[in-house]
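Undergrad: For the record, in the sequence shown the residue sitting at position 2 is 110 according to this note's numbering, with numbers rising by one throughout.
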Amino acid sequence: MALGKYSRVDGRKSSSGYCSTVSIVAFVALFLVGVWLMTSSSSVVPVQNDEVSSQEKRIDSKDQESEVKEIAGGNENNDKQFEDNRGDLPDDVTKNDNQEEKSVNEGAEDESKTDDTSKTEIEKKDDFDVATNKDSDGSNTQASEGGNENKPNPNETENKSDNSDENTEEKVKQDKEESSAELFPSGPQSELLNETSTQNGAFTTQDTESKNEKESQESDGQSGYKWRLCNVTAGPDYIPCLDNLQAIKSLRSTKHYEHRERHCPEDPPTCLVPLPEGYQKSVDWPTSREKIWYHNVPHTKLAEIKGHQNWVKVSGDYLTFPGGGTQFKHGALHYIDFIQQSVPDIGWGKRSRVVLDVGCGVASFGGYLFDKDVLTMSVAPKDEHEAQVQFALERGIPAISAVMGTKRLPYPARVFDVVHCARCRVPWHIEGGKLLLELNRLLRPGGYFVWSATPVYQKLTEDVEIWEAMKQLTKGMCWEVVSITKDRVNGVGIAIYQKPMTNECYGQRSEDKPPLCHESDDPNAAWSVPLQACMHKLPTDATERGSQWPEQWSERLTKTPYWLLGSQIGVYGKPAPEDFTADHEHWKRVVNKSYLGGLGINWSTVRNVMDMKAIYGGFAAALKELNVWVMNVVPIDSPDTLPIIFERGLFGTYHDWCESFSTYPRSYDLLHADHLFSKIKRKCNFMALVAETDRILRPEGKLIVRDHVDIISELESLFRAMQWEIRLTYSNDNEGLLCVQKTMWRPNEMETITYAIAA
């Protein structure tokens, strides 16, 4: 019984204890599950968001790396070129973005290496770009092919292995969208990636204010340079090479306008030019052709002495331009149409695309030729016709300060389709016709010289004498008079001459006057070369530049010039025709995929553009569909590709960037410098070039720099000290891209430039 009782009691106790234990365990389990659910509901979502955010960031960078690899592709066995094409999409979106990313992705690199290599080889077959650029000094810089393919990270795969199929599909879709993105992020995204703090509402945060101040102080310390304001007699209109008053004062003669020529100081200024009082953002094109802000160019002398000829008038806060000039008081468009009616073969915008306007005034002739798809280089000296070139540039019309004095104009031979002079007061006939012979050097064989001046249609004694002298001179030059007509609306006469296409006439002249230049004389030599009273023979070989007229516009823009031969080696090491095509495709891709949408630039506000180191004009050609004009500058120590640029229906000039450019301050909306600053740093005063970019760029204007990383870093520091806005900084391997915007800031401290102070 005892045993049985015990057994029964033990049995009852065991059953009851078991149920009790199960109940407790179940309760505890349910409690723990509830706690787990509650905690998971408050933590899973943020973790997932963090992972998605991190994944998006990594995808963006990997897509960029993939694009860089595509750009850097090419046959490794061939000569390499375009050292800067990695800049199409550098790896680093900002200086610090990829540090964490690099460590996270290291585990994935080995696994993806094989597939990456395979894809790279496929991409190489489809892309012309390779990874080195041979600079004019002969040095080669090796480029990185850059980046891994956009493959999933194993760590991320583990972390997200429990995601739903729906999330996976969304992720795949997102990957595809990311991989098809443009090379650069959008403007707003660029600003965020560049660590620009987002500001909501009317008030900034203390964090933002403190951060900006610390960055400003750090940049001042890093640059080691304190900017000062130039104290010069010319004030806001200072042009260092044209306002070297000390050098001008020491000239022995001003007979040939020597005082209007370039006299660059040995020690170029490194100070900043002040702004005119009341300066404001320039009026946008095309409104600017008709009116500009008075305070931006506060000069009224031309309005006072030329107001009756409709050059410029003062109207409230504006200076207005009715479109007239000395020879076309009733409007430039009628005058332009009248020229073509007189000589239909001139073919504005088709046969004739690139024009030189000598003595341009306020450049209304060139400004209205834009309506005919004609590009005009307007030239005038900085003289008693106060600020005429400055007016032109402020209006959005191409112009440069230059004078026909003792030296050749800075252009190669036989490049302008038409040369125009409307009462430009140039004494063409004196000293053996030296000045007209300079135009003959610049004029393309078969091109036209349009001359509307008083000797053509007035009968005053002086005019008659000049006309007779011009008749003799142009006959000796073998120029054919194709038209002499009277424009009764404007009350002027226009004489139009055509340059010969062959040398036949030269040998048939009764006397060798003007003489032919010596065969050793290079007509393309144009930088500080003295003028000569002689003519150069015309090309006779069918493959020589100038023997044929270019294709009509706009076919000539993209077609390889007939005189670029496969036996010639181009700038980048390929046969010249291939080099030309490769450069064109390269810049078309960079502009379309990067510059137009990836830098946050409102291109509708951009009008005056300068490519500070142009090669074949590819950058300018890629901007064809925009309402801009581009001054293509070929440095004098770079390969002489300026004739190719003109052949394409574009224009430009030679220049030495160790000196200031012959333009007024605040001339350009956008500057583009492709590996220029590093070249100047090896050659001359680096700080002077930085100050020069500030001088010629308008406030709120943009500067795009492609160069070595160390140069980009140094420039960024200098521009921060100048209070410029750093809009974008990218880097990849040793190459970088910088986009900055000039502000209205000017320093308080002054620096007196003694050679620019009037005694």
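Ideal placement from N, C-alpha and C gives every residue a C-beta, glycine not left out. This structure is a prediction, so every number in the text was calculated from the model and none was measured.
So for Trp-711, helix, strand or coil by DSSP?
TA: What you label residue 711 is simply residue 603 of the sequence shown in a count that begins at 1. Correct three-state label for Trp-711: helix.
Undergrad: Any chance you could list the beta strand (DSSP E) runs of at least 3 consecutive residues sitting entirely within the stretch 707-782, in chain order?
TA: Entirely contained in the stretch 707-782, the beta strand (DSSP E) runs reaching 3 residues are, in chain order, 716-719, 737-743, 760-763 and 776-782.
Undergrad: Would you be able to state if there are at least three C-beta pairs under 8 Å between the stretch 399-413 and the stretch 578-586?
TA: Taking 8 Å as the limit for Cβ pairs, the verdict is that the stretch 399-413 does not touch the stretch 578-586.
Undergrad: Kindly list the residues whose CB is nearer than 6 Å to the CB of Val-714, restricted to its own chain and excluding five residues on each side of it in sequence; keep chain order.
TA: Looking up residue 714 in the sequence shown gives position 606. Same-chain partners within the cutoff: Val-736, Asp-777 and Leu-778.
Undergrad: Do Asn-611 and Leu-639 have their C-beta atoms within less than 8 Å of each other?
TA: On the sequence shown, residue 611 is found 503 positions in, with the first residue counted as 1. On the sequence shown, residue 639 is found 531 positions in, with the first residue counted as 1. No, the Cβ-Cβ distance between Asn-611 and Leu-639 is not below 8 Å.
Undergrad: Would a C-beta distance cut-off of 8 Å place Cys-847 and Ile-812 closer than the cut-off?
TA: Here residue 847 refers to the residue found at position 739 of the sequence shown. Here residue 812 refers to the residue found at position 704 of the sequence shown. For Cys-847 and Ile-812, yes; Cβs fall inside 8 Å.
Undergrad: Tell me the DSSP secondary structure of Ala-411 in three-state form.
TA: Here the question's residue 411 lines up with position 303 in the sequence shown. DSSP places Ala-411 in helix when its eight states are reduced to three.
Undergrad: May I ask you to report which of helix, strand or coil DSSP gives Ile-865?
TA: Working through the sequence shown from its first residue, we reach residue 865 at position 757. It is coil, neither helix nor strand.
Undergrad: So, are the CB atoms of Phe-716 and Leu-501 less than 8 Å apart?
TA: As a position in the sequence shown, residue 716 is number 608, starting the count at 1. As a position in the sequence shown, residue 501 is number 393, starting the count at 1. In the sequence on display, residue 716 carries Asn and not Phe. Their beta carbons are under 8 Å apart, which means Asn-716 touches Leu-501 by this criterion.
Undergrad: Helix, strand or coil, according to DSSP, for His-367 in the structure here?
TA: If you number the sequence shown from 1, residue 367 lands on position 259. The answer is helix: DSSP assigns His-367 an H, G or I state.
Undergrad: I'd like to know whether the C-beta atoms of His-780 and Asp-691 end up nearer to each other than 8 Å.
TA: Taking the sequence shown and counting its residues from 1, the one referred to as residue 780 is at position 672. Taking the sequence shown and counting its residues from 1, the one referred to as residue 691 is at position 583. Against a cut-off of 8 Å, the Cβ pair of Asp-691 and His-780 comes out as no contact.
Undergrad: Counting Cβ pairs closer than 8 Å, one from the stretch 796-806 and one from the stretch 377-393, do we hit at least three?
TA: The stretch 796-806, when compared against the stretch 377-393, does touch it at the 8 Å Cβ threshold.
Undergrad: In the DSSP output, which residue or residues are listed as bridge partners for Leu-464?
TA: One-based indexing of the sequence shown puts residue 464 at position 356. Answer by DSSP bridge pairing, in chain order: Met-485 and Val-527.
Undergrad: If we call anything under 8 Å between Cβ atoms a contact, is Ala-722 one with Val-742?
TA: As a first step, residue 722 must be located in the sequence shown, where it is residue number 614. As a first step, residue 742 must be located in the sequence shown, where it is residue number 634. Yes.
Undergrad: Per DSSP, Ile-592 forms a beta bridge with which residues?
TA: On the sequence shown, residue 592 is found 484 positions in, with the first residue counted as 1. According to DSSP, which records beta bridges pairwise, Ile-592 is partnered with Ala-603.
Undergrad: Could you give the DSSP three-state label for Val-497: helix, strand or coil?
TA: On the sequence shown, position 389 is the one that residue 497 refers to. Correct three-state label for Val-497: helix.
Undergrad: Tell me whether the beta-carbon of Ala-530 lies closer than 8 Å to the beta-carbon of Ala-507.
TA: If you number the sequence shown from 1, residue 530 lands on position 422. If you number the sequence shown from 1, residue 507 lands on position 399. No, they are not a contact pair.
Undergrad: Pick helix, strand or coil for Gln-849, following the three-state DSSP scheme.
TA: One-based indexing of the sequence shown puts residue 849 at position 741. Gln-849 falls in the strand class under three-state DSSP.
Undergrad: Should Gly-504 and Tyr-476 be called a contact, given that it needs their Cβ atoms to be closer than 8 Å?
TA: Here residue 504 is taken as the residue at index 396 of the sequence shown, counted from 1. Here residue 476 is taken as the residue at index 368 of the sequence shown, counted from 1. Cβ atoms of Gly-504 and Tyr-476: not closer than 8 Å.
Undergrad: Where does Asn-598 sit, in a helix, a strand or coil, going by DSSP?
TA: Against the sequence shown, residue 598 aligns to sequence position 490. DSSP places Asn-598 in coil when its eight states are reduced to three.
Undergrad: Please check the pair Ala-495 and Ser-509, which I expect to be a contact at CB under 8 Å, by giving their CB distance rounded to whole angstroms.
TA: On the sequence shown, position 387 is the one that residue 495 refers to. On the sequence shown, position 401 is the one that residue 509 refers to. Not really, about 10 Å apart at Cβ, beyond 8 Å.
Undergrad: Thinking Met-858 and Asn-339 are a contact (beta carbons under 8 Å), I'd like their distance in whole angstroms, please.
TA: In the sequence shown, the residue the question calls residue 858 occupies position 750. In the sequence shown, the residue the question calls residue 339 occupies position 231. Confirmed, about 5 Å.
Undergrad: Could you check the C-alpha separation between Trp-853 and Gln-435 for me, to the nearest Å?
TA: If you number the sequence shown from 1, residue 853 lands on position 745. If you number the sequence shown from 1, residue 435 lands on position 327. When rounded, the distance between both Cα atoms is 42 Å.
Undergrad: On the criterion of 16 or more Cβ atoms from any shown chain inside 10 Å, does Glu-619 qualify as buried, or is it exposed?
TA: In the sequence shown, counting from the first residue as 1, residue 619 sits at position 511. Looking at its Cβ environment, which holds fewer than 16 other Cβ atoms inside 10 Å, Glu-619 is exposed.
Undergrad: Do Gly-513 and Tyr-365 have their beta-carbon atoms positioned less than 8 Å apart in this structure?
TA: The residue given as residue 365 occupies position 257 in the sequence shown. The residue given as residue 513 occupies position 405 in the sequence shown. It is a contact, given that the beta carbons lie within the stated cut-off.
Undergrad: Inspect the beta-carbon positions of Asn-548 and Met-609 and report whether they are closer than 8 Å.
TA: As a working note, residue 548 is residue 440 in the sequence shown. As a working note, residue 609 is residue 501 in the sequence shown. No, they are not a contact pair.
Undergrad: Examine the ligand GDP and report whether any of its heavy atoms sits within less than 7 Å of the Cβ of Tyr-703.
TA: Among the components modelled here there is no ligand, and therefore nothing to report on the ligand GDP.
Undergrad: Skipping 5 residues on each side, what residues in its chain have a beta carbon closer than 6 Å to that of Ile-753?
TA: Taking the first residue of the sequence shown as 1, we reach residue 753 at position 645. Closer than 6 Å at Cβ, skipping near neighbours: Gly-725, Asn-740 and Gly-760.
Undergrad: Starting from Glu-824, follow the alpha helix (DSSP H) in both directions and report where the run begins and ends.
TA: Your numbering for residue 824 matches position 716 in the sequence shown. Unbroken alpha helix (DSSP H) run through Glu-824: 817-829.
Undergrad: Just to check my reading of the structure: Val-558 and Gly-601 have Cβ atoms closer than 8 Å, yes? What is that Cβ distance to the nearest angstrom?
TA: Residue mapping note: residue 558 aligns to position 450 of the sequence shown, counting from 1. Residue mapping note: residue 601 aligns to position 493 of the sequence shown, counting from 1. 12 Å between Cβ atoms; not a contact.
Undergrad: Could you tell me the alpha carbon to alpha carbon distance between Ser-839 and Ser-702, rounded to whole angstroms?
TA: Your numbering for residue 839 matches position 731 in the sequence shown. Your numbering for residue 702 matches position 594 in the sequence shown. So the two alpha carbons sit approximately 14 Å from each other.
Undergrad: How about Val-451 and Ser-591: do their beta carbons lie closer than 8 Å?
TA: For the purposes of this step, residue 451 is identified with residue 343 of the sequence shown, where counting begins at 1. For the purposes of this step, residue 591 is identified with residue 483 of the sequence shown, where counting begins at 1. It is a contact, given that the beta carbons lie within the stated cut-off.
Undergrad: Within the chosen definition, does the stretch 665-683 reach the stretch 621-639 through at least 3 CB pairs nearer than 8 Å?
TA: Verdict: no, contact absent.
Undergrad: Using 8 Å for Cβ pairs, my map puts Ala-440 next to Phe-473. What's the rounded Cβ distance?
TA: What you label residue 440 is simply residue 332 of the sequence shown in a count that begins at 1. What you label residue 473 is simply residue 365 of the sequence shown in a count that begins at 1. Right, their Cβ atoms sit about 5 Å apart.
Undergrad: I'd like the list of long-range same chain contacts for Lys-357, defined as Cβ closer than 8 Å, with 5 residues on each side in sequence excluded.
TA: As a working mapping, residue 357 is identified with position 249 in the sequence shown. Once the five neighbours on either side are set aside, the close Cβ partners of Lys-357 are Ala-867.
Undergrad: Report all residues from its chain with a CB closer than 6 Å to the CB of Gly-392; omit the five preceding and five following residues, and keep chain order.
TA: Counting from one through the sequence shown, the residue named residue 392 turns up at place 284. For the record, residue 392 in the displayed sequence is Asp; it is not Gly. Same-chain partners within the cutoff: Thr-713.
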